[in-house]
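Asks: First, the structure itself, so that you have it in front of you.
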Amino acid sequence: MSFLNSKSTLSEKAANYLHSSHLYAPSIHCSYYRCYQKMLHIAYTKLGETENQLIKKKNLSNLSKKKYEKEGSHQFLINYFVKLLMKIDKNSAIKFNTKMNELRTIRIKADYQEIEINESESNSSIQRATEITDILTTQIENK
Amino acid sequence: MKSKQYIISAIDNMSDVFPQSTYSYEFYSSSNTHFIDVQPFEFYLENNDFQMFQSSIILEFIEKFPLESVCFISDDSIFKIKEPIYVKKASIISDCNLTLESELFEIALSENYVDLTLDYSDIEILNSKAVNNRIEQITLSKKPSSHSNFLNLIDISNFSVPAEHQNVKNFDPNDLNMAA
Chain A
253 MSFLNSKSTL SEKAANYLHS SHLYAPSIHC SYYRCYQKML HIAYTKLGET
303 ENQLIKKKNL SNLSKKKYEK EGSHQFLINY FVKLLMKIDK NSAIKFNTKM
353 NELRTIRIKA DYQEIEINES ESNSSIQRAT EITDILTTQI ENK
Chain B
-13 MKSKQYIISA IDNMSDVFPQ STYSYEFYSS SNTHFIDVQP FEFYLENNDF
37 QMFQSSIILE FIEKFPLESV CFISDDSIFK IKEPIYVKKA SIISDCNLTL
87 ESELFEIALS ENYVDLTLDY SDIEILNSKA VNNRIEQITL SKKPSSHSNF
137 LNLIDISNFS VPAEHQNVKN FDPNDLNMAA
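Next up, the structure:
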């Protein structure tokens, strides 16, 4: 098992542990990184990509690399998988796009914004992370 | 074209193709995500043509704006649209899933419907009540020669019927039978 895949599994366990300990905001953080680490694992091991190759594939003609590194590396990777899934199964791609972007947005709220995170949001994030990793596993990793 | 303008244009196109739905758009700058809420939920979940349309918008959008995202949501989302920057309301009633057995009925339109368009040849509008240019109440009738079922013509599943109208003669919610 790759280190990133192991980290994804650890993030899942951490999310569940933090949720059961009523630490909802950090639980959402771990749910999100469970998915992000899974995407990186699949990109590097299953698809044979490297970080530099992923950056090169993106059209950076009108976007500086600095802006990419600051704002968009996560979004770019998500969109990379949306495009890949669209070629495999459109319904899965739509579901992945919705749930991953919801999770990414609530993770930003949980980590950086002056708002309270409740149990329901933490629980929904765990569920979404499971659905997202299931799509990645069944549609790409295990094929 | 800027991303917000692109989204608004896409919503207008969607509304032209699927006028039975209401679209509410809010942009989350913190995550560069454009959320579009689609109602009713059943349409969002089950309409295959809409799913295909949605996928083409997502693909085109992320090609044009690779560091942003567009996300279609509905009742099952973590997010609720609180401060929409653009709303396109449903303009016709369709997608029937109810039957109406009486020949005459009166309905109160929900907030979702600002414009009622009826161009069906076998239904006529007997009268209507409008408040602030929005039809709030309307009485419809099947023409005597019509054999068609309202099932195929009107979706009243989203209508709210105020209590004072629920006893109007010839309108009885019990007349409505859920289609299989």
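Residue numbers (my numbering), protein chains in the order written: chain A, 253 to 395; chain B, -13 to 166.
Note that the Cβ used here is the ideal one computed from N, Cα and C, for glycine as well.
1. Decide if the region 4 to 22 of chain B is in contact with the region 376 to 390 of chain A; the criterion is three or more beta carbon pairs, one per stretch, under 8 Å apart.
2. Going by the CB atoms, is the gap between H271/A and S374/A shorter than 8 Å?
3. Could you check the C-alpha separation between L139/B and Q6/B for me, to the nearest Å?
4. Can you tell me the Cβ-Cβ gap for Y9/B and K74/B, rounded? I've got them flagged as a contact below 8 Å.
5. Could you tell me the boundaries of the beta strand (DSSP E) in which T19/B lies?
6. If we count the other Cβ atoms within 10 Å of its Cβ and call it buried at 16 or more, is Q365/A buried or exposed?
7. Quick one: list the residues of chain B neighbouring R356/A, beta-carbon separation under 9 Å, in chain order.
8. Excluding the 5 residues flanking N119/B on each side, which residues of the same chain have their C-beta closer than 7 Å to its C-beta?
9. Three-state secondary structure (DSSP) at T302/A?
10. Comparing alpha-carbon positions, which option in N353/A, R286/A and K351/A lies nearest K259/A?
11. Residues of chain A with a CB under 8 Å from the CB of S41/B: which are they?
12. Are the beta-carbon atoms of E371/A and Y276/A separated by less than 8 Å?
13. Out of T261/A, N349/A and S377/A, which has the shortest C-alpha to C-alpha gap to K360/A?
14. Quick one: residues in its chain with C-beta nearer than 8 Å to the C-beta of E69/B, no 5 flanking neighbours on either side, listed in chain order?
15. T350/A versus chain B: which residues are under 7 Å apart at the beta carbon?
16. Which residues mark the beginning and the end of the alpha helix (DSSP H) in which F255/A is found?
17. Touch check for the region -11 to 4 of chain B and the region 289 to 304 of chain A: three-plus C-beta pairs under 8 Å?
18. Which residue's Cα is closest to the Cα of I392/A: S254/A, F255/A and V334/A?
19. Please report whether the beta-carbon of F4/B lies at a distance below 8 Å from any beta-carbon of chain A.
20. Cβ closer than 7 Å: which chain B residues qualify as neighbours of E373/A?
21. I'd like to check one pair, L329/A with M291/A: are the Cβ atoms closer than 8 Å?
22. Less than 8 Å between the CB atoms is what I'm expecting for F58/B and T350/A, so what's the real figure, rounded?
23. Under 7 Å Cβ-Cβ, which residues of chain B neighbour I360/A?
Replies: In brief:
1. Taking a cut-off of 8 Å on C-beta distances, the region 4 to 22 of chain B does not touch the region 376 to 390 of chain A, as fewer than three cross pairs fall below it.
2. Result yes, Cβ atoms of S374/A and H271/A sit closer than 8 Å.
3. Only weak support is given to the placement of L139/B: the predicted model assigns it a pLDDT of 43, under 50, and the value that follows is read from those uncertain coordinates. In this structure, the alpha-carbon of L139/B lies about 12 Å from that of Q6/B.
4. 5 Å between Cβ atoms; contact.
5. Start and end: T19 to Q25.
6. By the neighbour-count rule (16 or more Cβ atoms within 10 Å), Q365/A is not buried but exposed.
7. What R356/A touches in chain B: S17, T19 and S55.
8. Residue placement at N119/B is poorly supported in this model, since its pLDDT is 43, which falls under 50; the coordinates still yield a value, given next. For N119/B, where only same-chain residues beyond five positions count, there are no Cβ hits under 7 Å.
9. Three-state DSSP puts T302/A in coil, outside helix and strand.
10. Of the candidates N353/A, R286/A and K351/A, the one whose C-alpha sits nearest the C-alpha of K259/A is R286/A.
11. For S41/B, the neighbours in chain A by C-beta distance under 8 Å run, in chain order, M338, K342, A345 and I346.
12. Note that the C-beta distance between E371/A and Y276/A is below 8 Å.
13. Here residue 360/A is Ile; the residue named in the question, Lys, does not match the sequence. Closest option to I360/A, Cα to Cα, is S377/A.
14. Around E69/B: E12.
15. Those are C57, F58 and I59, listed as they occur along chain B.
16. Start and end: F255 to S272.
17. No, they do not touch.
18. The candidate whose alpha carbon is nearest that of I392/A is V334/A.
19. So no, F4/B is outside the interface.
20. Ordered by position in chain B, the residues that pass the 7 Å Cβ test against E373/A are I64.
21. At the C-beta level, M291/A and L329/A come within 8 Å of one another.
22. At roughly 6 Å, the Cβ-Cβ gap stays under 8 Å, so F58/B and T350/A are in contact.
23. Correct list: S16 and S17.
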